[in-house]
Amino acid sequence: MSRFRKYLPCMMTILLLLAAYFLPQAGARWQEAVSTESSMADKGTIVLDPGHGERDPGMTGSSGVLEKDLNLTYAKKLRELLEQEGYQVVMTRETDEGLYDEDASNKKAQDMQRRCALIEKSNPLLTVSIHQNSYQDPSVKGPQVFYYEHSAEGQKLAAVIQKQLNEELTETTAREAKANSTYYILKQSKGTAVIVECGFLSNPEEEALLTREDYQNRAVRAICRGILEYLGN
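The opening position of the sequence shown corresponds to residue 1 in the UniProt record's numbering, with each subsequent residue numbered one higher.
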């Protein structure tokens, strides 16, 4: 017992020295982790707009697949990727529900107005509206990105997303980003906005691709890369 008391001051000194060495390092690592998490959360907000919903199915493929369902699937996959990059993502819809009241005289108009109101409220870095295309000629295929004709930033965003889609989805037709003056979501949204038409449901071969999970994953990765390139990441 006396021997233990003899060495006790020495042991206490060693413990204090160890604590003095390790605690600041642990605190610094914790501070660094908090700082990293904070910077990731501060990257800003992106709005994703899965087109159509509920009574508005959008286009219907030859197999019966509904555009509204594909739009939501693609948007949710894209949200996951963007959140991994540290962005906050606001979805205009997360279920098969339209943004209108049941007693609204013009449900489509109210739906679009509320989407734009949500975009304005979110004050996003940018907005991407997800759709599927259709055309009377069933041979036409390929993803295409649209931007408002008077939006220079929209044109830049559309161009980089289109480039990434063309490079990734080589089994389909490479297209060019296209200006538009009439699409409501482009014309009325505050800030930079584009519409990504992921492909043509009117083309049976492309419709089959659009419903495949591996193809969906590649498409949303390409869209995400385009967004990150535009934002300077």
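C-beta atoms are modelled at their ideal positions from N, C-alpha and C, and glycine is treated no differently.
Check                                                                                                               : Outcome
Supposed close pair residue 131, residue 67 - CB separation, criterion 8 Å                                          : 7 Å
is_contact[residue 138, chain B] using C-beta, thresh 8 Å                                                           : Here there is only one protein chain, and chain B is not present.
For residue 122 and residue 182, believed in contact at Cβ under 8 Å, the rounded distance                          : Between residue 122 and residue 182 the Cβ distance is about 24 Å, and since that is not below 8 Å, they are no contact.
Any 3 or more C-beta pairs closer than 8 Å across the region 73 to 80 and the region 133 to 151                     : no
Span of the beta strand (DSSP E), counted from its first residue to its last, around residue 204                    : Per DSSP, residue 204 belongs to no beta strand (DSSP E); it is in the alpha helix (DSSP H), 204 to 210.
Cα-Cα separation between residue 168 and residue 222, rounded to whole angstroms                                    : 6 Å
Burial state of residue 112, where buried means 16 or more other Cβ atoms lie within 10 Å                           : buried
Sequence-distant residues of the same chain with beta carbon closer than 6 Å to residue 146, five excluded per side : 178, 180 and 195
Reduced DSSP secondary structure (H/G/I, E/B, other) of residue 214                                                 : helix
Close beta carbons around residue 229, own chain, < 6 Å, minus the five adjacent residues each side                 : 160
Inter-residue spacing [alpha-carbon to alpha-carbon] between residue 60 and residue 71                              : 12 Å
Nearest candidate by alpha-carbon position, reference residue 42, set 57, 58 and 89                                 : 89
Length of the line joining the Cα atoms of residue 154 and residue 144                                              : 14 Å
Among 158, 214, 133 and 102, nearest to residue 199 - alpha-carbon criterion                                        : 133
Same chain only: Cβ atoms within 6 Å of residue 212, ignoring 5 sequence neighbours per side                        : none
Of the residues 220, 214, 125 and 54, the one placed nearest residue 191, counting alpha carbons only               : 125
Neighbour-count burial assignment, residue 224, 16 or more Cβ in a 10 Å radius                                      : buried
CB-CB length for residue 57 against residue 91, believed under 8 Å                                                  : Their Cβ separation, rounded to whole angstroms, is 18 Å, which puts residue 57 and residue 91 out of contact at 8 Å.
Proximity below 8 Å, CB of residue 97 to CB of residue 64                                                           : no
Residue 99, DSSP secondary structure in three states                                                                : coil
Residues bridged to residue 144 [DSSP beta-bridge criterion]                                                        : 197
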